[in-house]
Amino acid sequence: MKYLCSLGSNIEPELHFSRAKHYLHQVSDELTFTRDILTRPVDIDTPHPFLNALFTIETSLTATQLKQRFNAIEEQLGRDRNDPNRSIKDRTIDIDILGPVDEHPEVPTYLQDIASELTQG
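According to my numbering, the sequence shown is numbered sequentially starting from 11.
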């Protein structure tokens, strides 16, 4: 299955993107990333901009198994997944599954400019 996913960080983002990509390559060799872009924080009160990217990953894992792997990577990079306020705080890394590519998942507005980089002709 091929999934469309997103990557975001606003705490030492270049460092955490590099490390996250390293760990993601341990999950699958079938990865394609967009370029990284800076975006304004959404639904979080912080002066720190986010570094964001989209990527596709092809894997035999189910969506649930893949999300578990993504959560483990987030924890390895210092994200406290037990904090009930984690979604409104600065973060070292955030890795989300937007959905299976063949189901044309919705891309957040702030990432739509780079989504076309993943379309296959």
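All residues carry an ideal CB built from backbone N, CA and C; glycine is no exception.
Grouping DSSP H, G and I as helix and E and B as strand, with all else coil, what is residue i?
i      : result
Leu128 : helix
Leu48  : strand
For the candidate residues the options, whose alpha-carbon lies nearest to that of residue i?
i      : options                      : result
Asp46  : Asp55, His26, Asp39          : His26
Glu61  : His35, Asp100, Glu113, Tyr33 : Here residue 61 is Leu; the residue named in the question, Glu, does not match the sequence. Among His35, Asp100, Glu113, Tyr33, the Cα nearest to that of Leu61 belongs to Asp100.
Leu108 : Thr129, Lys77, Asp90         : Lys77
Determine the burial state of residue i: buried for a count of at least 16 other Cβ atoms within 10 Å of its Cβ, exposed for fewer.
i      : result
Ser28  : exposed
Ile67  : buried
Asp104 : buried
Taking the beta strand (DSSP E) that residue i belongs to, which residues open and close that run?
i      : result
Asn81  : Unbroken run through Asn81 is the alpha helix (DSSP H), 73 to 86; no beta strand (DSSP E).
Lys12  : 12 to 19
Pro110 : 104 to 110
Cβ pair count under 8 Å reaching 3, the stretch 75 to 87 against the stretch 28 to 37 | yes
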